[in-house]
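Colleague: Per UniProt numbering, the very first residue in the sequence shown carries number 1; after that it's consecutive. Glycine residues also receive a C-beta, built at the ideal position from the N, C-alpha and C atoms. Could you have a look at this structure, given as structure tokens, before my questions?
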Amino acid sequence: MRILVDENMPYARQLFSEFGQVEAISGRDLTPSKLKDVDGLMIRSVTKVNEALLTEANKLSFVGSATIGTDHVDKSLLMSRDISFVNAPGCNAHSVADYLISALFVLAQQHQFNLRDKTVAIIGVGNIGTRVIDKCEALGINYLLCDPFKAPADAFRQYVSLEEAARADIITFHVPLTRDGQYPTFHMVDEAFLSALNPGTVLVNASRGEVIDNKALYHVLSQGKQLPTVLDVWENEPHVMAELLPLVELATAHIAGYSLEGKARGTEMIYQAFADHCGRRVSQHLEDFLPHPEIAGFNLGQPPTPEIVQRLVHAVYDVRRDDKLFREHALAGKGFDWLRRFYPERRELSSAVITGNPSVTSLQLAPLYQLGFSRPD
Ligand SMILES: NC(=O)c1ccc[n+]([C@@H]2O[C@H](COP(=O)([O-])OP(=O)(O)OC[C@H]3O[C@@H](n4cnc5c(N)ncnc54)[C@H](O)[C@@H]3O)[C@@H](O)[C@H]2O)c1
Ligand SMILES: O=C(O)[C@H](O)[C@H](O)COP(=O)(O)O
1 MRILVDENMP YARQLFSEFG QVEAISGRDL TPSKLKDVDG LMIRSVTKVN
51 EALLTEANKL SFVGSATIGT DHVDKSLLMS RDISFVNAPG CNAHSVADYL
101 ISALFVLAQQ HQFNLRDKTV AIIGVGNIGT RVIDKCEALG INYLLCDPFK
151 APADAFRQYV SLEEAARADI ITFHVPLTRD GQYPTFHMVD EAFLSALNPG
201 TVLVNASRGE VIDNKALYHV LSQGKQLPTV LDVWENEPHV MAELLPLVEL
251 ATAHIAGYSL EGKARGTEMI YQAFADHCGR RVSQHLEDFL PHPEIAGFNL
301 GQPPTPEIVQ RLVHAVYDVR RDDKLFREHA LAGKGFDWLR RFYPERRELS
351 SAVITGNPSV TSLQLAPLYQ LGFSRPD
């Protein structure tokens, strides 16, 4: 059996070798001829799976994408050709929610506001949005939910319209990229949306670049409207709109989901699906591969104050590291893709175990666990 795996997929060679011959490829540069006589193709979001790519795919029976998003894959085409498709729902949801919290702490510091006085509108309440809810609750931040697909069937939560959500202090997008239907997300943030926002509204996009019309954003920001903006995703990646970069407060190379756990979980999920597809039992597990984190945990000598919580989060992941690298490298040559290919190891909050000395009660530590840190065994 011949299997192609994206070179940016941790542990893929070890896992997929048990099924046959594995070749690592650059997902962005995959050409149709590479797919001749290939049985399984394991990709990430940079590989567009369409008619053109599959012209020489004479044996392909399985495509696995180690990602949450699936907008890069023509699923009906795969179905029509009897090629199984599997992605990795939720694999890096914790990572994206960690990214958001790390970014909000930075903005709160820069703009001298208290997150507890702010309301966050969560647009898209799926795997990531739900984890963002947990983190907001852990930090005592108010939130509004906007998800027209979830709202009708969810008796436990209240939802607002996008117009109401737009009046929140902070708006964070966790939607898939869609172009059809009643609530498409392509350019859901356009010039009209941006113009209607209160000055000072914080915008965060860690979903897909095309959710925000980047030209409209540039236009509104360059006219001087204050909208502190965090962009992890960009229209036309890897080609970032250069003029927009200086106007954005935090800028990163589509790495919100790039914790080692998030990427490796994606690989493991499609490995398991491929084993199923082949009628085999899995013999390897992610926990056998993940290294011990550099920061294994913290022992608190006092109850966690907001400042301590922020320091703990930034000790595990500080988005300013990635923002700095982005500004130095993203616009040059293959900079955007290299920042992703050679992404420095980053762990999820869950990799750090929090304990306290006897003066710290478990009740005082509970919000840290809800935020994503781990409890001792
Ligand atoms: N930046 C990154 O590294 C990164 C990592 C993972 C995922 N993502 C992106 O984030 C998206 C969301 O991930 P998820 O795991 O939460 O997906 P999910 O499918 O679990 O949830 C998405 C939610 O968005 C809702 N939604 C769809 N259209 C909407 C609209 N017009 N308005 C409001 N809500 C809408 C859906 O009903 C669903 O509940 C993915 O599709 C992917 O594109 C980005
Ligand atoms: O949808 C996702 O899971 C992420 O956006 C995706 O994983 C980003 O990383 P890439 O697949 O582009 O390497």
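Let me know if K135 comes out buried or exposed under the rule of 16 or more other beta-carbons within 10 Å of its beta-carbon.
Modeller: The sequence position of residue 135 within the sequence shown is 135, counting from 1. The residue is buried, with at least 16 neighbouring Cβ atoms inside 10 Å.
Colleague: Ordered along the chain, which non-local residues of its own chain (more than five positions away) have a Cβ less than 7 Å from that of L100?
Modeller: Here residue 100 refers to the residue found at position 100 when the sequence shown is read from its first residue. Hits under 7 Å: V132, T172, V204, A206.
Colleague: Which word fits R320, buried or exposed, when buried means at least 16 other C-beta atoms lie within 10 angstroms of its C-beta?
Modeller: On the sequence shown, residue 320 is found 320 positions in, with the first residue counted as 1. With fewer than 16 other Cβ atoms within 10 Å, it is exposed.
Colleague: Report yes or no: do three or more beta-carbon pairs, one from the region 80-87 and one from the region 96-115, lie closer than 8 Å?
Modeller: Output reads no: the region 96-115 does not touch the region 80-87.
Colleague: Let me confirm a value: R340 is counted as buried when at least 16 other C-beta atoms fall within 10 Å, else exposed. Which label applies?
Modeller: Locating residue 340 in the sequence shown gives position 340, counting from the first residue. When all chains shown are included, R340 counts as buried.
Colleague: Under 8 Å, do L162 and I141 count as touching if we go by C-beta distance?
Modeller: In the sequence shown, residue 162 corresponds to position 162, counting from 1. In the sequence shown, residue 141 corresponds to position 141, counting from 1. Not in contact: L162 and I141 (Cβ atoms no closer than 8 Å).
Colleague: If you pair each beta-carbon of the region 31-48 with each one of the region 293-301, do three or more pairs fall below 8 Å?
Modeller: Flag = no, the region 31-48 and the region 293-301 do not touch.
Colleague: Counting only runs of 3+ residues fully inside the region 85-146, write out the beta strand (DSSP E) ranges in chain order.
Modeller: With a minimum length of 3 residues, the continuous beta strand (DSSP E) runs that stay inside the region 85-146 are 119-123, 142-146.
Colleague: Look at D98 and E328 and say whether their C-beta atoms are less than 8 Å apart.
Modeller: The sequence position of residue 98 within the sequence shown is 98, counting from 1. The sequence position of residue 328 within the sequence shown is 328, counting from 1. For D98 and E328, no; Cβs fall outside 8 Å.
Colleague: Would you mind giving the Cβ-Cβ distance between L4 and M42, rounded to the nearest angstrom? I have them listed as a contact below 8 Å.
Modeller: As a working note, residue 4 is residue 4 in the sequence shown. As a working note, residue 42 is residue 42 in the sequence shown. Contact flag correct, Cβ pair sits at about 7 Å.
Colleague: What's the gap between the Cα of S362 and the Cα of P304?
Modeller: For the purposes of this step, residue 362 is identified with residue 362 of the sequence shown, where counting begins at 1. For the purposes of this step, residue 304 is identified with residue 304 of the sequence shown, where counting begins at 1. Their backbone Cα atoms lie some 11 Å apart in a straight line.
Colleague: If you compare alpha carbons, which of L197, L194, C146 is closest to Y183?
Modeller: Position 183 of the sequence shown, counted from the first residue, corresponds to residue 183. With distances taken between Cα atoms, Y183 lies closest to C146.
Colleague: Which value, in whole angstroms, describes the spacing of the CA atoms of Q223 and L290?
Modeller: Stepping through the sequence shown from its first residue, residue 223 is reached at position 223. Stepping through the sequence shown from its first residue, residue 290 is reached at position 290. C-alpha separation (whole angstroms): 47 Å.
Colleague: Considering only C-alpha positions, which residue in the set D180, E345, N357, V248 is nearest to D323?
Modeller: Locating residue 323 in the sequence shown gives position 323, where the first residue counts as 1. Cα-wise, what sits closest to D323 is V248.
Colleague: Across which residues does DSSP place S374 in a beta bridge pair?
Modeller: Looking up residue 374 in the sequence shown gives position 374. DSSP output for S374 lists V353 as bridge partner(s).
Colleague: So, helix, strand or coil for A251, using DSSP?
Modeller: Here residue 251 corresponds to residue number 251 of the sequence shown, with the count starting at 1. Here A251 sits in strand by DSSP.
Colleague: Kindly identify the DSSP beta-bridge partner or partners of R2.
Modeller: Here the question's residue 2 lines up with position 2 in the sequence shown. Bridge partners of R2: Q21.
Colleague: Whole angstroms is fine: what's the gap from R375's alpha carbon to V309's?
Modeller: In the sequence shown, the residue the question calls residue 375 occupies position 375. In the sequence shown, the residue the question calls residue 309 occupies position 309. If you take the alpha carbons of R375 and V309, they lie about 15 Å apart.
Colleague: Closer than 7 Å by C-beta to H239: which residues in its own chain qualify, once you throw out the five before and the five after it? Chain order, please.
Modeller: The sequence position of residue 239 within the sequence shown is 239, counting from 1. None.
Colleague: From the DSSP output, which residues share a beta bridge with T229?
Modeller: On the sequence shown, position 229 is the one that residue 229 refers to. Partner(s): L203.
Colleague: By how many angstroms is the C-alpha of Q284 removed from the C-alpha of L217?
Modeller: Taking the first residue of the sequence shown as 1, we reach residue 217 at position 217. Taking the first residue of the sequence shown as 1, we reach residue 284 at position 284. Straight-line Cα distance between these residues: approximately 46 Å.
Colleague: Just how far apart, CA to CA, sit Q272 and C278?
Modeller: Here residue 272 is taken as the residue at index 272 of the sequence shown, counted from 1. Here residue 278 is taken as the residue at index 278 of the sequence shown, counted from 1. Rounded to whole angstroms, Q272 to C278 spans 10 Å at the Cα level.
Colleague: Taking just the CA atoms, how far does H72 sit from K48?
Modeller: Locating residue 48 in the sequence shown gives position 48, where the first residue counts as 1. Locating residue 72 in the sequence shown gives position 72, where the first residue counts as 1. Approximately 5 Å, taken between the alpha carbons.
Colleague: Return the CA-CA distance between A88 and T267, expressed in angstroms with no decimal places.
Modeller: Reading the sequence shown from its first residue, position 88 is the one you call residue 88. Reading the sequence shown from its first residue, position 267 is the one you call residue 267. Going from the Cα of A88 to the Cα of T267 covers about 8 Å.
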